[in-house]
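Below you'll find the structure, written out as structure tokens, and then a few comments.
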Amino acid sequence: MKIRSVFAIMVFASIFSSNVLAAKTQGVVVSIKPLHSLVSGVIGDTGEAALLLTGKTSPHDFHLKPSQVRVMQKANIIFYIDNSFETFLQSAFETLPAHVRKKAVAQDAGLIILASREGGAWDVHKHDVHEHEEKKHNHEEHEGHAHEKHDHGHDNMHVWLDVENARRIVKLIVRELSAVYPENRSIYKANAKAYIEKIDALDAELKASLKGLERKPFIVFHDAYQYFERAYGLSGVGSITFEPDESPSPQRIKEVRQKLKETGAQCVFREPQFSDRLIKTVTEGTNTKRGMLDPLGVDLNDGKDLYFSLMRDIASNLKRCLNSVR
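Heads up, the sequence shown is in the working numbering, so the first residue is 9 and it goes up one at a time.
Right, dumping it as structure tokens:
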């Protein structure tokens, strides 16, 4: 009787072990660090996701390595922001096997989308807001339209910098991962619930931290922070470049310098991926203070906690510079 019991336990342990292995989350690829952080929060201890952009890399001028294309070809699902944002993905997408799921969160998560602000100087607190309807595709529809292009050329794609968008992205990640690994659905849902609770706490923390800065104007390197500004009532009044990999015209530089004078903006923020040459040109001959903002978290360790560090760093750097202004 004792031998039978031991044998039963061994069989049960073997089956349980097989189920655990079968439920391991793998073959998940993510484009940029902030999105990778949200995906990692949902995956939890069931596995890990591969990250494409590491180090001080900008999606605006990034090129995939052959080894990264091979990783994508072996993937089960690839999460990215939008065809208009990670343009470097498009040629690789054309070489992927048909079974690889490609999920652009800006298209399918029902996000709040802001239109890009053109020109070097902006009207304060003017945000052109619209929401994309959440699209529901069955598996066949998804595969049939994997290469369909959606024109977001005039939309600002730094969508993760609004905590409400982050919540919606997390819910989309749960749905998509559950479609690939249905046996993990309950785990993904539990992880997402805990993660969103942390996002809620972060939101309350940032609202308290940034209170009192609403009327202090500032200028940024490029229009990456509009979602953050809108969420916390901040007063960005211009950007030096429209696309960070393109040099601004003399007219744009003139507009930004005029905006500095008109608004009394005392802070101009650079980004770590790019030279500060343009910042020096704009602030030359003024008493303007220079700060640093990073929308991607290039100097942060990737993983599920990066999103929270990223948002806190943006808030802290804004606060440090703006509070130094009399």
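Glycine residues also receive a C-beta, built at the ideal position from the N, C-alpha and C atoms.
- In terms of Cβ geometry, TYR196 and LEU185 form a close pair [threshold 8 Å].
- It is roughly 21 Å from the alpha-carbon of GLN259 to the alpha-carbon of GLN274.
- The closest CA to that of PRO225, considering only ILE207, LYS215, VAL264, is found on VAL264.
- Sixteen is the threshold: when 16 or more other Cβ atoms of the shown chains lie within 10 Å of the Cβ of GLU94, as they do, the residue is buried.
- Non-local beta-carbon contacts of VAL306 in its own chain, meaning distances under 8 Å to residues more than five positions away in sequence, involve LYS41, GLY63, LYS64, THR65, PRO280, GLN281 in chain order.
- With 16 or more other Cβ atoms inside 10 Å of its own Cβ, GLU237 counts as buried.
- Counted as a single uninterrupted DSSP element, the beta strand (DSSP E) harbouring SER243 occupies residues 243 to 249.
- Note that the C-beta distance between ALA58 and SER48 is not below 8 Å.
- Checking the DSSP bridge columns, you'll see HIS230 partnered with THR249.
- In the three-state scheme derived from DSSP, where H, G and I count as helix and E and B as strand, PHE277 is classed as strand.
- Between LYS327 and LEU221, the CB-CB gap stays under 8 Å.
- Inter-segment contact for the segment 171 to 185 and the segment 96 to 108 is absent: fewer than three beta-carbon pairs are separated by less than 8 Å.
- Nearest in C-alpha terms to ALA216, of all of ALA323, MET80, ASN84, is ALA323.
- Note on geometry: alpha-carbon atoms of ASP208 and GLY272 lie some 34 Å from one another.
- Selection ALA117, GLY293, HIS166 evaluated against ALA123 yields HIS166 as nearest (Cα-Cα).
- Boundaries of the alpha helix (DSSP H) harbouring TYR315: 314 to 330, taken from the DSSP string.
- Restricting attention to LEU72, ILE181, LEU169, the CA atom closest to the CA of LEU214 is found in LEU169.
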